[in-house]
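The sequence shown begins at 20 in our numbering and counts up one residue at a time.
Think of the CB as a built atom: it goes at the ideal place given N, C-alpha and C, for glycine as much as any other residue.
Below you'll find the structure, written out as structure tokens, and then a few comments.
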Amino acid sequence: MKGRFHRQYPTNLMANPRPFDLEDQSHRDLALRVGHAWREIRRGASMSSLADYFFGVGDDALESGQMDTLDVLVQQDGWRMGDLADALRVDPSTATRAVQRLERIGLASRTPSRDDKRVVIVSATDAGRTRHAEASARRQEAMRFIMNSFDTHEREQLAVCFEKFVHALDEFVTELDESRAAKIG
């Protein structure tokens, strides 16, 4: 996997104005609040209902990783498997498994490249594009509802904070990976 950092977020927003110290009770309280909110986002009771709403239920349901893959596939007509893995920020075997699942249910197709028969090109099928459009409409409806809870200034702050959060997670994981590699190597 090439670089873990998400290229979408402007780095000038990522400066750390003040060190965070978990010995400071106010910092510890903030960490607990953020940790609790993060857990609720990932595992809260509403997430199961939301996943059903976004991705379907029963035999027709998609997993979030499959939807992530469709999100990328619909951005262009065809993807080399390695480029798809990079765009998804996963290793190639994970991307391959996601594509295989989508292919089995008719939402993606794999074809040999015209230029290099060793290369596989992955595309969303018409059914995949339709399924993606349906899920996107439901996600947009949810986003409109959620964002209506915030005023204009808060919306901007929320976007910046989420971007910084993702960037900081990426930095932490990169440092963690480098630390593990140094211990092994």
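query: Where Arg23 falls: helix, strand or coil (DSSP); result: Note that Arg23 scores 48 on pLDDT, short of 50, meaning its location in the model is unreliable and no value can be drawn from it.
query: Extent of the continuous alpha helix (DSSP H) to which Ser198 belongs; result: 171-203
query: Assumed close pair Leu107, Thr130 - CB separation to whole angstroms, cut-off 8 Å; result: Wrong, their Cβ atoms sit about 19 Å apart, outside the cutoff.
query: CB-CB length for Ser142 against Asp96, believed under 8 Å; result: 6 Å
query: Where Gly147 falls, given that 16 or more other Cβ within 10 Å makes a residue buried; result: buried
query: Per-residue DSSP class, three states only, for Arg129; result: strand
query: The stretch 69-78 contacting the stretch 109-118, beta-carbon criterion three pairs below 8 Å; result: no
query: Residue of His46, Met86, Asp134, Asp40 minimising C-alpha distance to Leu121; result: Met86
query: Per-residue burial, Ala104 [other beta carbons within 10 Å of its own, 16 or more giving buried]; result: buried
query: Straight-line gap, Gln159 to Ser65 (C-alpha atoms, nearest Å); result: 17 Å
query: Where Val53 sits in the DSSP three-state scheme; result: helix
query: Buried versus exposed call for Phe74 [16 or more other C-beta atoms within 10 Å across all chains shown]; result: buried
query: Beta-carbon proximity check, Arg99 vs Val53, cutoff 8 Å; result: no
query: Beta-carbon spacing of Tyr72, Arg157 below 8 Å; result: yes
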